[in-house]
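Presented below is the structure to which this report refers.
Number of protein chains: 2
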Amino acid sequence: MSFYIGLLHYPVYNKGGEIIASAITNLDLHDLARLAKTYGATRFYVINPLTDQQDLAKRICQHWVSGYGAHYNKDRQEAMSLISIVPTLEVCIGEIRDSEGETPVLMATDAGKDRGKRVNYTLAREIVACTRVVMILFGTGWGIAEGLITKADYCLEPIIGVSRYNHLSVRTAAAITLDRLFSPFARPQKDS
Amino acid sequence: MSFYIGLLHYPVYNKGGEIIASAITNLDLHDLARLAKTYGATRFYVINPLTDQQDLAKRICQHWVSGYGAHYNKDRQEAMSLISIVPTLEVCIGEIRDSEGETPVLMATDAGKDRGKRVNYTLAREIVACTRVVMILFGTGWGIAEGLITKADYCLEPIIGVSRYNHLSVRTAAAITLDRLFSPFARPQKDS
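Just so you know, the protein sequences line up as chains A and B, in that order.
Residue numbers for the first sequence follow my numbering, so the first one is 1 and each next one is one higher.
Residue numbers for the second sequence follow my numbering, so the first one is 1001 and each next one is one higher.
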């Protein structure tokens, strides 16, 4: 099994429910690259259609992959090397298809209402374990637009901790998702 | 069971292995407050001895708890209300003791070498489940100083994902730790 993670900046919602292209957050790149490395993702796609935002992300990556940061912190270089910056999800899927020889199964994530083909983490673990190529897609802003969620092969249920509060950052939500799906520790209960 | 989380900025290591007071990262406050709310922590202590850093953290919290941010985002207000800013771990432990009537069991976290009284996540889940008051302490910079790690009641083992790479951010490490310790999903395997 080979898996990829993607961080989507368009189409996502803003606070008012409008579809926008969101800005790139520097720490998202670092945190998700380090998670990708920790959990064995093949690549981490940063998806943003705005060329100035792509340029910003490329400059950040260049600093850590081949610039001063590469000498300053080898561990960070290793993680940031996993990042690819692409304009659209279609380009991203196309690159994975070219590289793997097949279209990845697309698993979206959503903290919101019951949209798309929902799967819980127990089932999702089984799906990723028996699928050859998987792409796990995280949203920014107020979440991935519904049109895309419904097109995904699966949509992971929201992360519920102990309270009903489910307003995590994409950084911490991605961490919990990858640990639940891939960690040898996080086996689900038999009855869950 | 009542649990607290703490984010320690002193004493921690810098890259060169010296003990320093680290600077506060804005997104650490947001991400860990949202995690605290999600997993039911009683409070989130930001521990930093530098008064200018305390002032910065207080201004950030004030914005979200009672300033403009409180109206802008009620969910964020709810999370940021959990933050207390204290100068030292001793003050933090003292506040918890005053409030709970007993000293919390201190569980430190460490991505480094085998220091302190190590416990794996399976055992740590059992410990927190049967302890009345627990404080889970996360470090910044290059990790909590050894003198403090060895004084803690327990020290959680590093988070290992699928690869041996264990260089997560404190934001994502805290997310995985709380999910492994408290989530109904993250039951350990019987043989782990």
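Ideal Cβ positions, reconstructed from N, Cα and C, are used throughout, including at glycine.
Every value quoted in this text rests on a predicted model; they were computed, and no experiment measured them.
Return the residues of the segment 1090-1111 of chain B that lie within a Cβ-Cβ distance of less than 7 Å from chain A, sorted by chain order. none
Hey, out of A/Glu157, A/Ala145, A/Val86, whose CA is closest to A/Val119's CA? A/Glu157
Confirm, please, whether the CB-CB distance from B/Ala1124 to B/Leu1035 is below 8 Å. no
Cα-Cα separation between A/Thr38 and A/Gln54, rounded to whole angstroms: C-alpha separation (whole angstroms): 25 Å.
By a C-beta neighbour count over all protein chains shown, 10 Å radius and 16 as the cutoff for buried, is A/Asp31 buried or exposed? buried
Is there contact here, the segment 1062-1077 of chain B with the segment 1120-1140 of chain B, by at least three beta-carbon pairs under 8 Å? no
With a cut-off of 8 Å, does the C-beta of A/Ala175 fall near any C-beta of chain B? yes
Just the Cα atoms here: how many angstroms apart are A/Ser169 and A/Glu100? 31 Å
Report yes or no: do three or more beta-carbon pairs, one from the segment 100-112 of chain A and one from the segment 58-71 of chain A, lie closer than 8 Å? no
What residues of chain B sit near A/Arg118, judged by a beta carbon separation below 7 Å? Within chain B, no residue comes near A/Arg118; the closest Cβ sits about 15 Å away, beyond 7 Å.
Which residues in chain B sit within 8 Å of A/Lys113, going by Cβ to Cβ distance? In chain order: nothing, as chain B lies at least about 16 Å away.
Closest to A/Thr140 by CA distance: which of A/Met1, A/Asp52, A/Ser22, A/His63 is it? A/Ser22
When the distance is taken between beta carbons, is B/Ile1096 closer than 8 Å to B/Val1133? yes
For A/Ile136, which residues in the same chain have their Cβ closer than 6 Å to its Cβ, ignoring the five residues on either side in sequence? Ile5, Met107
Applying a beta-carbon distance threshold of less than 8 Å, which residues of chain A neighbour B/Gly1040? Gly161, Val162, Ser163
Beta-carbon contacts of B/Ser1192 that lie in its chain and below 7 Å, excluding the five residues immediately before and after: Note on B/Ser1192: pLDDT 40, under 50, position unreliable in the model; no value is reported.
Give a yes or no on whether 8 Å exceeds the smallest Cβ distance from B/Phe1182 to chain A. yes
Can you tell which of A/Phe182, A/Cys130, A/Thr150, A/Lys113 has its C-alpha closest to the C-alpha of A/His167? A/Lys113
Any alpha helix (DSSP H) of 4 or more consecutive residues that is wholly inside the segment 1072-1159 of chain B: 1074-1080, 1089-1100, 1121-1129, 1146-1151
Helix, strand or coil at B/Leu1178 according to DSSP, with G and I counted as helix: helix
How is A/Val65 classed by DSSP in three states: helix, strand or coil? helix
So is B/Asn1014 in contact with chain A if we call contact Cβ pairs under 8 Å? no
Does the beta-carbon of A/Ala33 have 16 or more other beta-carbons within 10 angstroms, so that it is buried, or is it exposed? buried
If you scan the segment 1005-1074 of chain B from start to end, which runs of the beta strand (DSSP E) of 3 or more residues do you find wholly inside it? 1044-1047
Output yes or no for whether 8 Å exceeds the beta carbon distance between B/Phe1003 and B/Ala1057. no
Same chain, Cβ closer than 7 Å to B/Lys1190, neighbours up to 5 away in sequence not counted: For B/Lys1190, the predicted structure reports a pLDDT of 48, less than 50, and the residue's modelled location is therefore unreliable. A value from the coordinates is still provided. Taken in chain order, the list of residues that qualify is empty.
Short CB-CB distance (under 8 Å) between B/Arg1171 and chain A: yes
For a quick check, are the C-beta atoms of B/Ile1020 and B/Asn1026 less than 8 Å apart? no
Shorter than 8 Å from the beta carbon of A/Phe44 to some beta carbon of chain B? With 8 Å as the cut-off, A/Phe44 does not count as an interface residue toward chain B.
Should A/Ser192 be flagged as near chain B, meaning a C-beta pair shorter than 8 Å? No answer about A/Ser192 holds up, because its pLDDT of 40 lies below 50 and its placement is not dependable.
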